[in-house]
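Colleague:
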Amino acid sequence: MKKKGFLIDMDGVVYKGSEPIPGAVAFINGLREQGFPFLFLTNNSQRTARDVCYKLRKMGFHVSDEDIFTCAMATARYLVSRKEQGTAYVIGEGGLLTELHNIGYSIVDDHPDYVIIGEGRTIMLESVDKAINMIMGGAKLIATNLDPNCPVGNEKYRAGCGAFVAMLEFATGKQAFSVGKPSPVMMRMARKILGLSTAETIMIGDTMGTDILGAGSMGFTTVLTLSGVTKEEDLDHYGYTPDFIIPSVKSLLDEALFTKVLSKQHEQFSYDDHTMILH
336 MKKKGFLIDM
346 DGVVYKGSEP
356 IPGAVAFING
366 LREQGFPFLF
376 LTNNSQRTAR
386 DVCYKLRKMG
396 FHVSDEDIFT
406 CAMATARYLV
416 SRKEQGTAYV
426 IGEGGLLTEL
436 HNIGYSIVDD
446 HPDYVIIGEG
456 RTIMLESVDK
466 AINMIMGGAK
476 LIATNLDPNC
486 PVGNEKYRAG
496 CGAFVAMLEF
506 ATGKQAFSVG
516 KPSPVMMRMA
526 RKILGLSTAE
536 TIMIGDTMGT
546 DILGAGSMGF
556 TTVLTLSGVT
566 KEEDLDHYGY
576 TPDFIIPSVK
586 SLLDEALFTK
596 VLSKQHEQFS
606 YDDHTMILH
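For the sequence shown, position 26 (counting from the first letter as 1) is numbered 361 according to the numbering used here, and the numbering increases by one without interruption.
1) Check whether the region 577–585 touches the region 512–519, taking contact to mean three or more Cβ pairs, one atom from each stretch, closer than 8 Å.
2) Figure out for me which residue from Met543, Leu588, Glu590 has the closest Cα to the Cα of Asp571.
3) Here's a check: name, in chain order, each residue in its chain whose Cβ is nearer than 7 Å to the Cβ of Ala466, leaving out the five neighbours to either side.
4) Apart from the five residues on each side of it in sequence, which residues of its chain come closer than 8 Å, Cβ to Cβ, to Lys599?
5) Can you have a look at Pro355 and say buried or exposed, based on whether 16 or more other CB atoms are within 10 angstroms of its CB?
6) Does DSSP classify Leu559 as helix, strand or coil?
7) Tell me which same chain residues have a C-beta within less than 6 Å of the C-beta of Gly549, skipping the five on either side of it?
8) Go ahead and label Ala460 buried or exposed: buried means 16 or more other beta carbons lie within 10 angstroms of its beta carbon, across all protein chains shown.
9) Rounded to a whole number of angstroms, what is the C-alpha to C-alpha distance between Lys595 and Asp346?
10) Determine the extent of the alpha helix (DSSP H) in which Met543 is found, giving its start and end residues.
11) Confirm, please, whether the CB-CB distance from Thr560 to Ile581 is below 8 Å.
12) Which value, in whole angstroms, describes the spacing of the CA atoms of Ala591 and Phe341?
13) Quick check: Thr422 and Ser441, are their CB atoms within less than 8 Å of each other?
14) Have a look at Leu432, Gly472, His436, Glu434 and flag the residue whose alpha-carbon is nearest the alpha-carbon of His446.
15) Tell me the residue span of the alpha helix (DSSP H) that contains Thr433.
16) Select from Glu428, Ser532, Val348 the residue whose C-alpha is nearest the C-alpha of Asp386.
17) Go to Ala384, then tell me how far its alpha helix (DSSP H) extends in each direction, as first and last residue.
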């Protein structure tokens, strides 16, 4: 069988809150032991790769900083490919600021090349007003992602990056460019980091509008887990379907199913073995 590798969403796929999803630790550690390359993808720009790695390791996952790829990292790589030593006004937190500093960008309060919007819990109206005037003055609007909201546990949500981006777009009449999932920018970068071809790349995620849409548009094999935000009854709302649908990554501990995913063999399964596969 040809080499295969995995791009894996985190929240709702391998953990919820501070607890791993049953079977997730065994699945991820099994990938490592078997030599399958993998990369965790997240649309959360707040934390650095090191912070994310620390959280995963506390749960028992055998991972390193290099196994994490955030939308903040993707945004920084995109910006430096467009303009080196640029300037940015940032509405966001440490993960995004760190990545921008790592590529040699300066964070400024006036006349920036870019206004960059990321996740944040302390966004102030004063910052939004400044961003509006900068964008109207010619700064380009960049979003780390367009997620409208973010789950915070106990069936509660907070406003996501996309909500603030929509406000700036409406106020300025300018459209943001988003780098995070489902953007092909982040998906292509992640695939190249693993050194995989399109046919060798498998995406595991719990969100139809980001994970599955982005990966499917790139031609990757897509695996939707029902352990996160997407439920079976939600699937009728979309004009596209994943290659595989499973209750959770625990299902992939089944060797027969895992082999079918690797070879992209579609069959119809029942819930009798706690695994559903659709095509």
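Glycine residues also receive a C-beta, built at the ideal position from the N, C-alpha and C atoms. What you are looking at is a predicted structure, and each value in this text was computed from that prediction instead of being measured.
Modeller: Considering the structure as presented:
1) Cβ pair count under 8 Å is below three, so no.
2) Taking the sequence shown and counting its residues from 1, one reaches residue 571 at position 236. By alpha-carbon distance to Asp571, the top candidate from Met543, Leu588, Glu590 is Met543.
3) Taking the first residue of the sequence shown as 1, we reach residue 466 at position 131. Correct list, in chain order: Tyr424, Ile426, Val450, Leu503.
4) If you number the sequence shown from 1, residue 599 lands on position 264. Same-chain partners within the cutoff: Thr556, Asp578.
5) Start at 1 with the first residue of the sequence shown, and residue 355 comes out as number 20. Sixteen is the threshold: when 16 or more other Cβ atoms of the shown chains lie within 10 Å of the Cβ of Pro355, as they do, the residue is buried.
6) Counting from one through the sequence shown, the residue named residue 559 turns up at place 224. In the three-state reduction of the DSSP assignment, Leu559 falls in the strand class.
7) To locate residue 549, count along the sequence shown from 1; it is residue 214. Closer than 6 Å at the Cβ level, and outside the excluded window around Gly549, lie Lys516, Pro517, Met522.
8) Start at 1 with the first residue of the sequence shown, and residue 460 comes out as number 125. Rather than Ala, the amino acid found at residue 460 in this sequence is Leu. Counting Cβ neighbours within 10 Å, Leu460 comes out exposed, since fewer than 16 surround it.
9) To locate residue 595, count along the sequence shown from 1; it is residue 260. To locate residue 346, count along the sequence shown from 1; it is residue 11. Each residue's alpha carbon lies about 25 Å from the other.
10) For this step, residue 543 is matched to residue 208 along the sequence shown. Element bounds for Met543: n/a, residue is neither H nor E.
11) Taking the sequence shown and counting its residues from 1, one reaches residue 581 at position 246. Taking the sequence shown and counting its residues from 1, one reaches residue 560 at position 225. Between Ile581 and Thr560, the gap from beta carbon to beta carbon is short of 8 Å.
12) Position 256 of the sequence shown, counted from the first residue, corresponds to residue 591. Position 6 of the sequence shown, counted from the first residue, corresponds to residue 341. If I take the Cα positions, the gap works out to 17 Å.
13) On the sequence shown, position 87 is the one that residue 422 refers to. On the sequence shown, position 106 is the one that residue 441 refers to. Remark: C-beta atoms of Thr422 and Ser441 approach each other more closely than 8 Å.
14) Along the sequence shown, one-based indexing puts residue 446 at 111. Here the closest residue by C-alpha is Gly472.
15) In the sequence shown, residue 433 corresponds to position 98, counting from 1. Segment 429–437, the alpha helix (DSSP H) holding Thr433.
16) Numbered from its first residue, the sequence shown carries residue 386 at position 51. Cα-wise, what sits closest to Asp386 is Glu428.
17) Position 49 of the sequence shown, counted from the start, is the residue given in the question as residue 384. In this chain, the alpha helix (DSSP H) harbouring Ala384 covers 384–394.
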